[in-house]
Amino acid sequence: MRDLKVFSGSAHPALARAICEALGLSLGRSHTVRFSNENLKVKIEENVREQDVFVVQPSCPPVSEGLVELLIMLDALRGASARRVTAVLPYYPYARSDKKDEPRISITARLVADLLEAAGADRVLTIDLHAPQIQGFVRVPCDQLTAIPILCDHLRAARDLRGAVVVAADVGEAKDAGRFAKRLDLPLAIVDKRRSGDDEKARPVHLVGDVAGRHCIIVDDEIATGGTVFEATEFLLRAGARSVEAAVVHPVLSGRAIERLLASPLERLIVTDTIPLPPEKRDPKIEVLSVAPLLAEAIARIHDGRSVSGVFG
Ligand code: R5P
Numbered sequence: 000m001r002d003l004k005v006f007s008g009s010a011h012p013a014l015a016r017a018i019c020e021a022l023g024l025s026l027g028r029s030h031t032v033r034f035s036n037e038n039l040k041v042k043i044e045e046n047v048r049e050q051d052v053f054v055v056q057p058s059c060p061p062v063s064e065g066l067v068e069l070l071i072m073l074d075a076l077r078g079a080s081a082r083r084v085t086a087v088l089p090y091y092p093y094a095r096s097d098k099k100d101e102p103r104i105s106i107t108a109r110l111v112a113d114l115l116e117a118a119g120a121d122r123v124l125t126i127d128l129h130a131p132q133i134q135g136f137v138r139v140p141c142d143q144l145t146a147i148p149i150l151c152d153h154l155r156a157a158r159d160l161r162g163a164v165v166v167a168a169d170v171g172e173a174k175d176a177g178r179f180a181k182r183l184d185l186p187l188a189i190v191d192k193r194r195s196g197d198d199e200k201a202r203p204v205h206l207v208g209d210v211a212g213r214h215c216i217i218v219d220d221e222i223a224t225g226g227t228v229f230e231a232t233e234f235l236l237r238a239g240a241r242s243v244e245a246a247v248v249h250p251v252l253s254g255r256a257i258e259r260l261l262a263s264p265l266e267r268l269i270v271t272d273t274i275p276l277p278p279e280k281r282d283p284k285i286e287v288l289s290v291a292p293l294l295a296e297a298i299a300r301i302h303d304g305r306s307v308s309g310v311f312g
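With numbering that gives the first Met the number 0 as the guide, the letters of the sequence shown map in order to residues 0 to 312.
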């Protein structure tokens, strides 16, 4: 493809390479140096003058360093006269800081949007934002893709879904879970979850819908500490569910999530590769589906000036 280049920060080169493979491109060459004073330097090692450039950098540990590396890359590309630069954020940084729900706190997801624009992003491409308002924080054009069809298609192909029920992990997830249920032609149930603070304790308190004797597919945008999914699993089993699996877009898997997964009666956790899974976070209970073809298709459409909503078909 003419004038199109894809670069990767340090966060997830495997995903960037898979995107390039789908596009028939080689990954753009760049190099990041971390000095002993913890400053970063990024050098773009090929000409990008008048090119349409995409930089792939999902948010993953070390989160803040990954964000700074991305900002430095965007600035370097703008300084190197790229014609247009798109920040590709399969998992958006600080996505859970999306509202002012306590006094004197920052809405950091909005700050990130401002920083991306200030650093040189002309566009943003992302997947399943934690909250819809984040798209509005980004003042440059922002395309939000969804991995729900990837998860649904996999479930439909791999399981006998007769008698299954889709379960929204919390009320906030009900809309997305509804789309999931519609796509799979399954009923929907909703767990009413309460969280008391910034801890791992997410307590399910009520259930809307019927799960008795059914296989439950818990749906959520992300799994972080796992509090939501694992507590919901036990809650559903106590309510008479036959078995439980979860389909989640972003595998943050922070804190004691893996330890809790091993101990949980959850049968399976289906996730995507928006975030890399280091070896210590891999487990036979986790199935990983790739979003690389979805991102490659969106990148090709943005580059050609074709509609991105066609990807959702
Ligand atoms: C909550 O609003 C989200 O949809 C997820 O349920 C939440 O981010 C998951 O976090 P954790 O795994 O720590 O419960």
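Note that beta-carbon positions come from the ideal geometry of N, C-alpha and C, so glycine has one too.
On the criterion of 16 or more Cβ atoms from any shown chain inside 10 Å, does A211 qualify as buried, or is it exposed?
To locate residue 211, count along the sequence shown from 1; it is residue 212. Looking at its Cβ environment, which holds fewer than 16 other Cβ atoms inside 10 Å, A211 is exposed.
Determine the extent of the beta strand (DSSP E) in which Q56 is found, giving its start and end residues.
In the sequence shown, the residue the question calls residue 56 occupies position 57. Taken as a continuous stretch (DSSP letters only), Q56 belongs to no beta strand (DSSP E), as it is neither H nor E.
Could you tell me whether the Cβ atoms of L265 and E286 are closer together than 8 Å?
On the sequence shown, position 266 is the one that residue 265 refers to. On the sequence shown, position 287 is the one that residue 286 refers to. Going by C-beta atoms, L265 is not nearer than 8 Å to E286.
On the DSSP bridge list, what partners appear for K99?
Residue 99 sits at position 100 when you count from the first residue of the sequence shown. According to DSSP, K99 bridges with nothing at all.
Given I106 as reference, the closest of E116, A117, P92, G119 once Cα atoms are compared:
Mapped onto the sequence shown, residue 106 falls at position 107. Nearest C-alpha to I106: P92.
Of all the options I147, L124, S63, which has the alpha carbon lying nearest to the alpha carbon of D316?
The structure shown has nothing for residue 316, since the chain only spans 0 to 312.
Report yes if the CB atom of T85 is closer than 8 Å to the CB atom of R122, and no otherwise.
Numbered from 1 along the sequence shown, position 86 holds the residue referred to as residue 85. Numbered from 1 along the sequence shown, position 123 holds the residue referred to as residue 122. Yes, Cβ-Cβ distance for T85 and R122 is below 8 Å.
Could you spell out the range, first to last residue, of the beta strand (DSSP E) harbouring D134?
Numbered from 1 along the sequence shown, position 135 holds the residue referred to as residue 134. Note that residue 134 is Gln in the sequence shown, not Asp. Per DSSP, Q134 belongs to no beta strand (DSSP E); it is in the alpha helix (DSSP H), 132-136.
Assuming contact is defined by CB atoms lying nearer than 8 Å, are A168 and T227 in contact in what I supplied?
One-based indexing of the sequence shown puts residue 168 at position 169. One-based indexing of the sequence shown puts residue 227 at position 228. Their beta carbons are under 8 Å apart, which means A168 touches T227 by this criterion.
Stretch pair the stretch 269-279 + the stretch 6-21: three plus CB contacts closer than 8 Å
yes
For the 8 Å Cβ check, are there 3 or more pairs between the stretch 97-115 and the stretch 135-152?
yes
Cβ-based neighbour list, L294, same chain, cut-off 6 Å, excluding 5 preceding and 5 following:
The residue labelled residue 294 in the question sits at position 295 within the sequence shown. Excluding residues within five positions, the ones whose Cβ falls inside 6 Å are I18.
In terms of alpha-carbon separation, which member of G254, D152, A240 lies closest to G225?
Against the sequence shown, residue 225 aligns to sequence position 226. Nearest option by C-alpha distance: G254.
Would you check if the distance between the CB atom of L22 and the CB atom of V5 is smaller than 8 Å?
Counting from 1 along the sequence shown, the entry for residue 22 is found at position 23. Counting from 1 along the sequence shown, the entry for residue 5 is found at position 6. In contact: L22 and V5 (Cβ atoms closer than 8 Å).
Check for me: the beta strand (DSSP E) holding P292 runs from which residue to which?
Stepping through the sequence shown from its first residue, residue 292 is reached at position 293. Taken as a continuous stretch (DSSP letters only), P292 belongs to no beta strand (DSSP E), being part of the alpha helix (DSSP H) at 291-303.
Can you tell me which of the three DSSP states V251 falls into?
The sequence position of residue 251 within the sequence shown is 252, counting from 1. Three-state DSSP puts V251 in coil, outside helix and strand.
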